[in-house]
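Working notes, structure below.
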Amino acid sequence: MTRSDSRYVGASVRSKEAPRHVTGRGRFVDDLVLPRMLHAFVLRSPYAHARIVSANAGRAAHATGVYGVITPDDVVRLTTPFKPGRYAAGLRVPVPEYATAVGKVRYVGEPVAMVAASSRPEAEDALELIDVEYEPLPAIVTTEAAAAPDATLIYDELGTNVAWQGHVSFGDVDAAFARADRVVSANLGIHRYSSTPLEPFACLVDPTPERLTLYCNCQNPEVVYEAITEALGIDGVRVAVPDVGGGFGQKIHLIRKYAVLTALMAVQTGRPVKWIEDRSEHMMAAGHSCDQEFDVEAAVRNDGEVLGLRIADTDDVGGSVSTLTIHFTNKLNNLFNTYRVQNLRLEGRSVLTNKCPVVPNRGIGKPGMCFIWERMMDAVAQELGLDPIAVRRRNLVTQDQFPYTTPNGNIIGSGDYQGLLDRALKNIGYEDIRAQQKTGNDRLIGIGVVIGLEPGGRNAARDMAIFPKSKQMPGAGGVEGATVKIEKNGSVVFTLGAPSCGQSHETTAAQIVADVLGIPPDRISASGGWDSSLSPWGVSCANSGNNFHLYDIGAVHGAAMRVREKVLTLAAHLLKVDRSALDLRDGIVGRVPSAAPNSSADGPATITFAELGKIAYANQALLPEGFEGGLEATYYHSHPHADPGMLPDETGRVRAQYTFGSAAHAALVEVDPGTGRVKVLRYVIVSDNGTMINPSVVDGQIYGSAAHGISVALGEGFVYGDDGQLLTLTLLDYGKSTTLETPRIEIEHHPVPDPYTTLGQKAAGEGAAIPSPAAIASAVENALSPFGARVRRLPLTPERVWNLMHVSR
Amino acid sequence: MHLEGHFTVNASIDTVYAFLTDPARVSRHMPDVRDVIIQDADRFTVTARVGVSHIKGDVVMKLEIRDRRPPVSTTVVGRGAGLASVVDMVTSFNLEVGQGGETLVHWRGDVTISGKLAAFGPQGLLDRIARKNIDTFIDGIRSGLSART
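For the protein sequence lines, the chains are A and B, in the order given. Per our numbering, numbering of the first sequence is gapless, rising by one per residue and ending at 810. Per our numbering, numbering of the second sequence is gapless, rising by one per residue and ending at 136.
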C-alpha cells in the first residue's frame, strides 16, 4: 500500500471505541464478576516514616466475612522480592523490595497489609482490626534535609539518602564554556504531579488449578506478568488487560505490588479476588512525577548561539529505590530538544525522601528537559537583549541537517522546526501582540512561544546509558507483533501486541487494515483486550514510550500485508487469473479494470472475502498446492534503528527513542494584578506528528496532553506537610484544572513524514504535555515583565505569581 | 497541632486531680464515646465516633495516664487508629489552687494526625473539630465535678 492508495489512512474515521464507552458498555476490570469472588482492601501506612514493630492480623482474620489477611510477615514468607528493574539502573547495592512494606514504612499510603472478604465493606471494616504497631521516625520531605550528613536514613542499606549520583556528558563542554562570550545561569524547578487517570488501579485474580489469570488495567503487562511469576514462583500465569481508563505512565510500575498482593491473596484463599483502588489511595500511593530542581548554566555567544549547557539535576524520587533514575535517564530522549547544540553535561542526583515513589508520568523527564531548554532560551534572550524567538531560531536544527544525529545518539528522521515556529507565530498573531505590548496598557498580558520534541518508540536499554560498561541490556531494541485474520464470514479481526488505554488504537489500527485489505473499517474489529496467551507481544509490548505509532502500526500493517498476499494467491487460483491482475476493494477481490482478459474470462470476475473465508477454512480441496490454511498472519515489526545488540557506548551515547515528532506552542495569558491568577487567553499548537492515520485521534491526544501540561503549569500538583503527610488527597485539593480553566486548544498540523516508519508516522500521544509547562512559564514571565520578574519554578499558582509581582517590586 | 488553655473548677485540687486521673470517670465525659474498656488504673481504651468531612467512622484510642505527680500534674498519652489514620496525642494537666479555693486547670495538648485525616489539616478543619471536642470535654468535666466558672 502506498499513500496514494489510502482511502482511510489520513481520514478522521469515526471512533470504533467511543460508542461502547459513551453507552456504558465498556468492560473494565471492575465490571468483571467471577463466581465465589472475594473483595480485597489494602491497609496503608498512615506514617511517612516509621518502623513496623508488629503487625497482628488475629482480630481481622476472625471478622465477619473475612477469608484472608496478608501481613508483611506473610509477604516475606510467601514471596520473593522484586528484581530491581531498569528504572532502578542507578541502584548501587541490592535493596529487597516486596509488595508490602517490610520492617519500615517510607511514605504515607505505602501498602502494609491486605484483607479479603465476601464484600468490599466487610474487607474495609476488617482493615481496622489489623493491629499494626509503628515506631514513628523523623519524616524527610526535602532533598536538602535528606542529603544532610546527619539525616535519618530512609534505607539503612544505602548509608545515605542520596541514592544515586552520576552524569552523562557529550561534546567538549569545558571548551564550549571557555570560548563563550558569557554564561547565563538559572535555578529552575518542576514540582510533583500526576496524570490522575479516570480509572485507578484494578486487579482481579482467578486462581484456577491450571494457571493463575490476572485481569489488570496495567499499561505494560510484562511488568505484572514477570512480577507475579517471580514473586510467587509460578509459571502458569496469564495476564489479561480489558478496557483501561487511562494510563499515562501511572499504570506501568507500582501496580505490580498490587498485582502480586491480589494474586497471593487468591492463592491463599483459593478464590478469585478483586481489588479496586479508590481515588485517595491512588493520589497518595500510585506514583507521582518527580520534583526536579535544575541548576543550569548556558555558554553563549553574544549573537545568541548557545555553545553548551551544564545542568545539575536533583530529583526527589520519594520513598522507594525501584524507580531511582527514570526521570534522569528519560531526559536522554530529548536531551538537546530541537537544538543543534553539541556540548552538554547533565549531572544527576536521585535523593530519597518520605514521599510517594516516582513513576513514569506523561513524558517522565521530558517535560523537565524541555522546561530547561526553553526557560534558558528566554533567559539568554533577556541577558543579551535579543528577541527570544531569534535566539531559538539561531540554535534550531535546520531542515538540511535531517536526518540529524544528536550528540547523545538519537537519530531524528525529519522535521521542520523553523516552519513550526513560523506557523505558531502567525497563528497567534505574535507581531501584533508584541506591537500592542509596546503601546502600553494596564493589563498584564504576556506571550510565550516554545518548541519541543515528542520522542516515540521506546528503547529500554536507554536506562543503562548511565552504566555504559554494563553487559546487561534488558529490553534493548524494539519489536512488537500483531495478528490479522479474515474470518470465515469475510469480516476482519486483528489482535495487537500491546494493550490500549483509551487512545483509539482499535480505530487507528482498523484504518491501516482497511487500506491494506480494501475493506471498510466497520467490517474490522479488534479481537478484544490484550491477553498474554493470545496477543503477539515482544519486547516493546507497552502502552508507554509512545510505542503504538511505531510498533503496533508497523506490526498490524505488516500482518495485513501478509494476509493480503494470501488473499491474492488464493483468489488468483480460484479466479484463474494472474495475481498481478487483481485488486482488493470493499471486501471483494476482482480484476483491476485495466487488466487484460485471460483464458478464464468466462468464469467469475470477482470473489468476496466471505467466499474466500469459506474455502480457506472449510474446503481444503480448493486450496492451491502448498497454500497454508486459513487467512491469518502474524507479523513482528521493528525499526531500522532498534538494533537489539546496540549498547550505550563508552560515552553513554544510545538511541533513547526512535521517532521524533515536534511542535511549537504559543500561549497568550493574562495575569490578574490583584490576585496573581493566570488566565490563558489563547493557546496555539502547530504540530508535526508525521503522517497522521486519523487526524481526529491525533487532535484528541494533543488536546488531552496540552490540557494536562497547562494545568500542571497553573497549579495542579501534590503538596506535603512538613511531617510527610500528603495534603492533596482529592482532585479538588490537588487543583486539577477543569474545563473552565482549560483554554480552547487551537491546533494546526504541519506533518513532515518520518523516513524510517511504515507510513511516515511519528508519535502522537504525550507530546503536548512536554512543551506546555514551558510555554505557560514563558508567557507568564512576559506578562510580568513590568515587574522584572523571572519565572523559574512551577506551578504558577496565584500565590506564587502574586509573590513574583510583589517581591520583584 | 498544638492546643492549650485553662479552666476553673469549683472543687478542691485533690478532687479534681483524682477525677482527671481516674479513667472510668474521665472517659465518661469524652465526646462521642461509644465504648470504654478499662485495663487498669493507668490504661484504658476508648472507641469514639469521628467524622471529618465525608470521612466518618470509629477511632479506637488507647490511652495511658503517666507522670502522676499528685495533686499538681499528670500526662495522658494516647494513640488512636481508624479511618485509615492514626492520632497521636499527648495532653498534660497542671493544677493549682485558686485564691477562693477553686482549682485552676492548665492544659496543653499536642495532637499529631497521620494518614487520610491529615489532609484536612491545612483547611483548619481538624483544628476546629479538636477545639469543639475539647470544649465538650471540659464542659463534661465541669458538670462531672459540679463545676462553676
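Don't be surprised by glycine CBs; every beta carbon is placed ideally from N, CA and C. Keep in mind the model is a prediction, meaning the values are calculated, not measured.
- Bounds of the beta strand (DSSP E) holding Ile277/A are 274 to 277.
- Distances from the CA of Gly69/A to each of Arg121/A, Gly25/A, Pro20/A were compared; the closest alpha carbon is that of Arg121/A.
- For Ile100/B, at least one C-beta of chain A is nearer than 9 Å to its own C-beta.
- The C-beta of Thr692/A has 16 or more other C-beta atoms within 10 Å across all chains shown, which makes the residue buried.
- The alpha carbon of Gly478/A has as its nearest neighbour, out of Arg435/A, Asp151/A, Met806/A, Tyr637/A, the alpha carbon of Tyr637/A.
- The three-state reading of DSSP puts Tyr405/A in strand, counting E and B together.
- What Gly108/B touches in chain A, judged by beta-carbon distance under 8 Å, is Gly722, Gln726, Leu728, going in chain order.
- Here the segment 225 to 242 of chain A lies against the segment 533 to 540 of chain A, with 3 or more beta-carbon pairs under 8 Å apart.
- Near chain B, meaning a CB-to-CB distance below 7 Å, the residues of the segment 33 to 62 of chain A are Arg45, Pro47, Tyr48.
- Against chain B, a Cβ distance below 9 Å from Ser196/A picks out nothing, because the smallest value is about 20 Å.
- If only uninterrupted alpha helix (DSSP H) runs of at least 4 residues are considered, those enclosed by the segment 105 to 186 of chain A are 121 to 128, 144 to 148, 174 to 179.
- Taking 9 Å as the cut-off, the Cβ atoms of Ala51/A and Thr72/A do not count as close.
- Counting along the chain, the unbroken alpha helix (DSSP H) around Cys371/A starts and ends at 367 to 385.
- The C-beta of Gly288/A has 16 or more other C-beta atoms within 10 Å across all chains shown, which makes the residue buried.
- For Val493/A and Thr508/A, the gap between their C-alpha atoms comes out near 13 Å.
- With a cutoff of 9 Å on beta-carbon distance, Val245/A and Phe29/A are scored as near each other.
- With respect to the 9 Å criterion, Lys103/B and Pro18/B are not classified as neighbours on the basis of their beta carbons.
- Around Tyr405/A, the same chain offers Val398, Ile413 as residues with beta carbons nearer than 6 Å, after the five sequence neighbours per side are excluded.
- In the structure shown, Asn57/A adopts extended strand secondary structure according to DSSP, grouped into three states.
- The way I'd put it, the segment 677 to 696 of chain A doesn't touch the segment 558 to 578 of chain A; fewer than three beta-carbon pairs between them come closer than 8 Å.
- Under DSSP, Lys486/A takes part in a beta bridge, and its partners are Val494/A, Glu633/A.
- Interface annotation for the segment 257 to 287 of chain A against chain B: Ser281, criterion Cβ-Cβ distance under 7 Å.
- Nearest neighbour of Ala105/B by Cα position, chosen from Gly87/B, Val74/B, Ala11/B, Gly85/B, turns out to be Val74/B.
- With a 10 Å radius around the Cβ and a threshold of 16 neighbouring Cβ atoms, Lys258/A comes out buried.
- When DSSP states are grouped into helix, strand and coil, Ser130/B belongs to the helix group.
- The beta carbon of Thr731/A sits closer than 9 Å to some beta carbon of chain B.
- Here Glu298/A is bridged, per DSSP, to Ser186/A, Arg311/A.
- By the criterion of a C-beta distance shorter than 8 Å, Arg66/B is surrounded in its chain by Met48, Lys49, Val73, Val74, Asp75, Met76, once the five residues flanking it on both sides are discounted.
- Here the segment 654 to 663 of chain A makes no contact with the segment 427 to 442 of chain A; the two share fewer than three CB pairs at distances below 8 Å.
- Counting along the chain, the unbroken beta strand (DSSP E) around Ala68/B starts and ends at 60 to 69.
- In the structure shown, the three-state DSSP call for Ser688/A is strand.
- The C-beta of Gly96/B comes no closer than 9 Å to any C-beta of chain A.
- The contact set of Val109/A on chain B, defined by CB atoms closer than 8 Å, consists of Ser101, Gly102, Ala105 in chain order.
- In terms of Cα proximity to His283/A, the closest of Thr161/A, Lys332/A, Ser639/A, Val43/A is Val43/A.
- Residue-level contact check: Glu129/A touches chain B, since one or more beta carbons of chain B fall below 9 Å from its beta carbon.
- At a cut-off of 9 Å between beta-carbon atoms, Val67/A makes no contact with chain B.
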